[in-house]
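Peer 1: This is the structure I want to talk about, given as structure tokens.
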Amino acid sequence: MTQSLLTIDWLTQLERYNRIFVGFSGGLDSTVLLQRLAIEPALFPKLTAVHVNHGLSPNALVWQAHCQQFCATLKIPLIIKSVEFARQSNIEEMARKARYQVFAQLLEESDCLVLGHHLNDQAETLLLQLFRGAGIEGLSAMAVEKEFMQGNLLRPFLHHSRQTLENYARLNQLQWIDDESNQDISFSRNYIRHQVMPLLSARWPGIINSLARTSSHCQQAQANLDDLARIDCPALAQAGSQLVISTFSHLSQARITNILRLWFKANQVRLPNTVTFNRLINEVIHARPDANPQISWDDVSVRRYQETLYLLKRQVKSSLLAITWTSFPKPLDLGGSGVLLASVNDKGLIVPPHSKIEIRFRQGGELFHWHGQSKQLKKLFQEWQIPPWLRGQIPLVFINGELAAVIGYAISDSFYGTTPAPAYELIINN
0 MTQSLLTIDW LTQLERYNRI FVGFSGGLDS TVLLQRLAIE PALFPKLTAV HVNHGLSPNA
60 LVWQAHCQQF CATLKIPLII KSVEFARQSN IEEMARKARY QVFAQLLEES DCLVLGHHLN
120 DQAETLLLQL FRGAGIEGLS AMAVEKEFMQ GNLLRPFLHH SRQTLENYAR LNQLQWIDDE
180 SNQDISFSRN YIRHQVMPLL SARWPGIINS LARTSSHCQQ AQANLDDLAR IDCPALAQAG
240 SQLVISTFSH LSQARITNIL RLWFKANQVR LPNTVTFNRL INEVIHARPD ANPQISWDDV
300 SVRRYQETLY LLKRQVKSSL LAITWTSFPK PLDLGGSGVL LASVNDKGLI VPPHSKIEIR
360 FRQGGELFHW HGQSKQLKKL FQEWQIPPWL RGQIPLVFIN GELAAVIGYA ISDSFYGTTP
420 APAYELIINN
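Next up, the structure:
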């Protein structure tokens, strides 16, 4: 029974990570997952359980205490985070987002997050997406493995049924909690689990495996579509938040949509609906050359300037942002402007010892020493053909009060250097 849950390949893969964070609600699947990982000597010292207290149930503190006791018994560190979020109509989705935000703050390079989703969860997810009218990507449901922040997200139980996990738990005398809200069929997933799935299983006994297999087929189809997008638009590989349209604007609407989907996905942007996709193509990409059209949804907008699309996320007003980078070179959260990352390179920004590093945004009148000349930043922005509405959103690095770098564009002559001195490349991760 033990060996059937995690294969040698899974164990070998997990051993490669520095730290393994396990999402631990105290329910059946996460309890089995944590215990199963804990009995592996090579994995045990890497493990940290993470319990997110959503505060939705009157039993939330009881569950938290259970998780503390379980982890104490296993001698595994436990991180507990309480979250607050707007109690909107879709509480399930809001709670999920809050949970993943907690996970995202923990992961660093060479770390992984492991979750206990199983085969039944996969089948339910596919049906949820189907009823929402999702496309191929939505019907792909959950991935066994994917990149997540600076690390990876893994779901090693995705091919095991809930019954298999329950059998393992009972065999090993594990105790878990049952969330009473799991019986509330006003939640869509619970309705599918308790009302829809039993009817489908009665008519088609293998329906759970069949649905999971369909999601696997959709994942393969989506991978092919992603490959096609990269062929149609090679610039996607280095696009970032800007995308030149001249290489693909002549393609069919379906293929343009496919390119835009991958671009949005790479920038971690929620996809717009079909109507908005059509407007993007007709009103922005196919707009007359001298137009500066814009389409917005959620907290993002797409603007066109000349032959380039610009993907903009809602920004915190720059006048409120003057952040001292005290933890340099560790990542710096710029709020709505993304996360600033510094990595050692053979050439780049040189930071003198004990310097004060600040991140500011353009206020006007800045001077920048570049290519042997001191120029107004405004003039350089014009030379670099940066759209006027984008200039105030570009982070500026000041070292000891002097403008040292314009993120994504240039480093001042005064602060540019090569090894052996530590040199840094600075990028924004949105």
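Residue numbers (numbering that gives the first Met the number 0): 0 to 429. A virtual CB, placed ideally from N, CA and C, is assigned to each residue, including glycine. Since the structure is predicted, the reported quantities are computational estimates derived from the model, not experimental observations.
#1: Could you pull the DSSP bridge partners for tyrosine 415 from this structure?
#2: Give the secondary structure of lysine 449 by DSSP, where H, G and I count as helix, E and B as strand, and everything else as coil.
#3: Can you look up threonine 156 in the DSSP assignment and give me helix, strand or coil?
#4: I want to know whether the region 148-159 touches the region 5-18 - three or more CB-CB distances under 8 angstroms.
#5: Rounded to the nearest angstrom, what separates glutamine 219 and arginine 254 at their Cα positions?
#6: Inspect the CB distances between the region 322-337 and the region 347-359 and report whether three or more fall short of 8 angstroms.
#7: For arginine 35, which of Pro57, Leu10, His50 has the nearest alpha-carbon?
#8: Starting from phenylalanine 263, trace the alpha helix (DSSP H) both ways and give me its first and last residue.
#9: Buried or exposed: where does serine 29 fall if 16 or more other Cβ atoms within 10 Å of its Cβ makes it buried?
#10: Give every residue of the same chain whose Cβ lies closer than 7 angstroms to the Cβ of isoleucine 426, excluding the five residues on either side of it in the sequence, and list them in chain order.
#11: Under a Cβ-count criterion, where at least 16 other Cβ atoms within 10 Å of its own Cβ denotes burial, should glutamate 146 be classed as buried or exposed?
#12: Which first and last residues belong to the beta strand (DSSP E) in which asparagine 52 is found?
#13: Go ahead and label leucine 402 buried or exposed: buried means 16 or more other beta carbons lie within 10 angstroms of its beta carbon, across all protein chains shown.
#14: Between the alpha carbons of glycine 407 and alanine 85, how many angstroms are there, rounded?
#15: For glutamate 91 and phenylalanine 186, what's the separation of their Cα atoms in angstroms?
#16: Between which two residues does the beta strand (DSSP E) carrying isoleucine 78 extend?
#17: Just the Cα atoms here: how many angstroms apart are proline 292 and tyrosine 309?
#18: Which runs of the beta strand (DSSP E) at least 3 residues long sit entirely within the region 142-215? Give them in chain order.
#19: Pull the bridge partners of glutamate 357 from the DSSP assignment, please.
#20: Pick helix, strand or coil for glutamate 108, following the three-state DSSP scheme.
#21: Report the rounded CA-to-CA distance for proline 204 versus leucine 210, giving the unit in angstroms.
#22: Starting from the Cα of isoleucine 79, find the closest Cα among Arg98, His216, Gln392 and give me that residue.
#23: Who are the near neighbours of leucine 125 in its chain, counting only those whose CB is closer than 7 angstroms to its CB and skipping five residues on each side?
#24: Measuring alpha carbon to alpha carbon, tell me which residue in Gln392, Trp369, Val343 is nearest glutamate 382.
#25: Can you tell me which of the three DSSP states valine 101 falls into?
#26: Which word fits tryptophan 388, buried or exposed, when buried means at least 16 other C-beta atoms lie within 10 angstroms of its C-beta?
#27: Okay, do the region 240-256 and the region 154-161 touch, 3+ Cβ pairs below 8 angstroms being the bar?
#28: Measuring alpha carbon to alpha carbon, tell me which residue in Ala222, Ala59, Arg95 is nearest isoleucine 135.
#29: I'd like to check one pair, tryptophan 262 with leucine 227: are the Cβ atoms closer than 9 angstroms?
#30: What number of angstroms, rounded off, separates the C-alpha of asparagine 119 from the C-alpha of valine 274?
#31: Kindly indicate which three-state DSSP category tryptophan 383 falls into: helix, strand or coil?
Peer 2: According to the data block:
#1: Answer by DSSP bridge pairing, in chain order: Leu348.
#2: Outside the displayed span of the chain (0 to 429) sits residue 449, for which this structure offers no information.
#3: Sequence inspection shows phenylalanine at residue 156; the threonine mentioned does not correspond to that position. Three-state DSSP puts phenylalanine 156 in coil, outside helix and strand.
#4: yes
#5: 18 angstroms
#6: yes
#7: Leu10
#8: 252-265
#9: buried
#10: Leu340
#11: exposed
#12: DSSP places asparagine 52 inside the beta strand (DSSP E), whose first and last residues are 46-52.
#13: buried
#14: 35 angstroms
#15: 7 angstroms
#16: Isoleucine 78: member of the beta strand (DSSP E) spanning 77-81, first to last residue.
#17: 11 angstroms
#18: As far as the region 142-215 is concerned, its whole beta strand (DSSP E) runs of at least 3 residues are 144-147, 150-153.
#19: Per the DSSP secondary-structure output, glutamate 357 pairs in a beta bridge with Thr323, Phe397.
#20: Coil, per DSSP.
#21: 12 angstroms
#22: Arg98
#23: Leu138, Ala140, Leu210, Thr213, Ser214
#24: When only C-alpha atoms are compared, the closest one is Trp369.
#25: helix
#26: exposed
#27: no
#28: Ala222
#29: No, they are not a contact pair.
#30: Counting only the Cα atoms, valine 274 lies some 33 angstroms from asparagine 119.
#31: coil
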